[in-house]
């Protein structure tokens with residue numbers, strides 16, 4: 058006879074969900090942090106007259122913002138889809 062808890066909670070699916078949420082939270086945190094860093098470095102470089110580095114930092118910030126938005130959109134798609 059199987060225990061009641063084993064019938065109600067699928068431990069393997071629960072572990073998969075926990076692992077996926079840890080990976081997703083880490084990825085979004087890194088993307089947003091790099092976007093903030095890129096924006097701050099853009100301001101620093103543009104004030105010092107380093108135009109090429111300023112635009113490189115701005116490009117990094119833009120790519121990271123787009124990556125974070127893509128992850129958000131993918132998460133919403135997964136939650137809404139059947």
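In the numbering used here, the protein residues as written are 58 to 139.
Even for Gly, the Cβ is constructed at its ideal location relative to N, Cα and C.
Could you give the DSSP three-state label for residue i: helix, strand or coil?
i: residue 67; result: coil
How many angstroms separate the CA atom of residue i from the CA atom of residue j?
i: residue 107; j: residue 118; result: 17 Å
i: residue 105; j: residue 122; result: 24 Å
i: residue 80; j: residue 100; result: 31 Å
i: residue 129; j: residue 138; result: 14 Å
i: residue 136; j: residue 93; result: 27 Å
i: residue 67; j: residue 132; result: 22 Å
What do you reckon, are the CB atoms on residue i and residue j nearer than 8 Å?
i: residue 102; j: residue 110; result: yes
i: residue 88; j: residue 116; result: no
i: residue 78; j: residue 98; result: no
What residue range is occupied by the uninterrupted alpha helix (DSSP H) comprising residue i?
i: residue 113; result: 108 to 137
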